[in-house]
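Colleague: Residue numbers (our numbering): 1211 to 1529.
Built from N, CA and C at the ideal position, the CB exists for glycine as well.
One structure, pasted below without further comment.
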Amino acid sequence: MRRLALLLPALLLVAACDSSSPEDALVGTWTLTAAQIDTRVTSSTAQTIPDRTVEPTGTIAITGATTASLGSVVNLFADADGTVNLAVESTSPLSTTGYVQLVLLETATESQASLIDADAGLSYNAYFTPRRSLIARSGGRFTVAPITMSSGTATATASGTLRYPDLALTPGTPAVVERFEEPFDGTVRFTFEEDGTFRATAFTPDDDQDVTGTWALVDGDVRVTVTQGGQTEVVTFRTTVEGNTLELVATDIGDLSCTDECLSFYESTAFATPGSISAVDFLLTYRFRSGTSAAARPVPAARRQNERAVRPTLPILGF
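What follows is the structure, given as structure tokens:
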């Protein structure tokens, strides 16, 4: 009996620890550290494409009046006739220093090479009529033969190779073919209150925005409901809490309509066989840390003007 009396406090302590629920782990304020969009395609045929979920190896070297090594791909796609178009930078698109960008485009009649050296204030160009092939592709290997561009009396030459590993597509099996991750630093916060109230706050260059609603756990997932401007949005997240980190994965955003034109667009960016992609969907992942931090104003994304097409709008619950 004495032994049982000694063990009872320990047993009660264990029971108290075990009584914590998934709701308890989620309650509080979480600061967004990164948002990731994965594009998944389903192929009707077995084929191998470049794995663009990772950064390529190799660089495009710039020599002459401007010198740089370019390896951060902004845009890469193939036209219907197989010609390759490329936009590549010296640094991450979110960087504000040391920015050099090369854009290579081809039309039915001409080719154009453009180089921007933001720090030096130089813009180089070269035009080729009739069209000249600027990029040679072999599998996941993209080679730029020497191209000389001019800016007044200054010249710069681009050449080099970027290499992606192979990605095998299995018929009927969705595969992630492209991944885009953007870091955040205190600009977005999610708050889950004990009473089921949900609040998201975004700090923008102009003002702050708040979206409120409700949240609940459903079959282990968190379901958030917000109403804004008369429109109700319901998003279900697969939830993982580990220590002071939270990961929310929204898998129910794949109902964006994808017409034949949409499918052909993703075939061109994935370098898949024309007519082989039967479906496209998306995974959206938010990563948070617990607590709040001083909100940093986001850097304007002014360098996305060379994107061939705007990505699907995947807002953070109304933002």
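Can you grab the Cα-Cα spacing for the pair Ala1364 / Arg1262, in whole Å?
Modeller: Computed Cα separation, rounded: 34 angstroms.
Colleague: Near Asn1335, which residues of its chain fall below 6 angstroms by C-beta distance, leaving aside the five closest residues on each side in sequence?
Modeller: Cβ within range, chain order: Ser1324 and Met1359.
Colleague: What three-state label does DSSP hand Tyr1374 in the structure shown?
Modeller: It is coil, neither helix nor strand.
Colleague: Considering Cα atoms alone, identify which of Phe1402, Ser1500 and Pro1266 is closest to Leu1377.
Modeller: Cα-wise, what sits closest to Leu1377 is Pro1266.
Colleague: For Thr1479, tell me which candidate among Asp1289, Ser1254, Leu1242 and Asp1395 has the shortest Cα-Cα distance.
Modeller: Among Asp1289, Ser1254, Leu1242 and Asp1395, the Cα nearest to that of Thr1479 is on Asp1289.
Colleague: At which residues does the beta strand (DSSP E) containing Phe1408 begin and terminate?
Modeller: Phe1408 -> beta strand (DSSP E) spans Thr1407 to Phe1413.
Colleague: If you follow the beta strand (DSSP E) that Tyr1334 is part of, which residue opens it and which one closes it?
Modeller: Taken as a continuous stretch (DSSP letters only), the beta strand (DSSP E) holding Tyr1334 covers Leu1332 to Phe1338.
Colleague: Can you tell which of Ser1321, Glu1388 and Arg1433 has the C-alpha that lies nearest to the C-alpha of Thr1449?
Modeller: Taking only the C-alpha atoms, the option nearest Thr1449 is Arg1433.
Colleague: Going by C-alpha distance, which of Leu1372, Gly1370 and Ala1366 is nearest Gly1274?
Modeller: Selected option, being the one with the closest Cα: Ala1366.
Colleague: Are the Cβ atoms of Val1251 and Ala1385 separated by less than 8 angstroms?
Modeller: The answer is yes: Cβ separation under 8 angstroms.
Colleague: Per DSSP, which residues does Gly1501 bridge with? Please list them.
Modeller: Its beta-bridge partners do not exist; DSSP assigns none.
Colleague: Pro1356 bridges to which residues according to DSSP?
Modeller: For Pro1356, which the question treats as bridged, DSSP gives no partner whatsoever.
Colleague: By how many angstroms is the C-alpha of Thr1435 removed from the C-alpha of Gly1423?
Modeller: Those two C-alpha atoms are separated by around 6 angstroms.
Colleague: Going by the CB atoms, is the gap between Arg1409 and Glu1457 shorter than 8 angstroms?
Modeller: For Glu1457 and Arg1409, no; Cβs fall outside 8 angstroms.
Colleague: Would you decide whether Glu1299 is buried or exposed? Buried here means 16 or more other CB atoms lie within 10 Å of its CB.
Modeller: Glu1299 comes out buried.
Colleague: Going by DSSP, what residue range makes up the beta strand (DSSP E) through Glu1457?
Modeller: Segment Thr1455 to Ala1460, the beta strand (DSSP E) holding Glu1457.
Colleague: For Glu1233, tell me which candidate among Glu1404, Phe1338, Ile1247 and Ala1482 has the shortest Cα-Cα distance.
Modeller: Measuring from the Cα of Glu1233, the nearest candidate turns out to be Glu1404.
Colleague: Quick test of your reading: Gly1196 and Tyr1374, contact by CB under 8 angstroms. State the CB separation rounded to the nearest angstrom.
Modeller: Shown here, the chain extends from 1211 to 1529; a query on residue 1196 therefore has no answer.
Colleague: Are the CB atoms of Ser1361 and Ser1333 nearer to each other than 8 angstroms?
Modeller: Yes, the pair counts as a contact, with Cβ atoms nearer than the cut-off.
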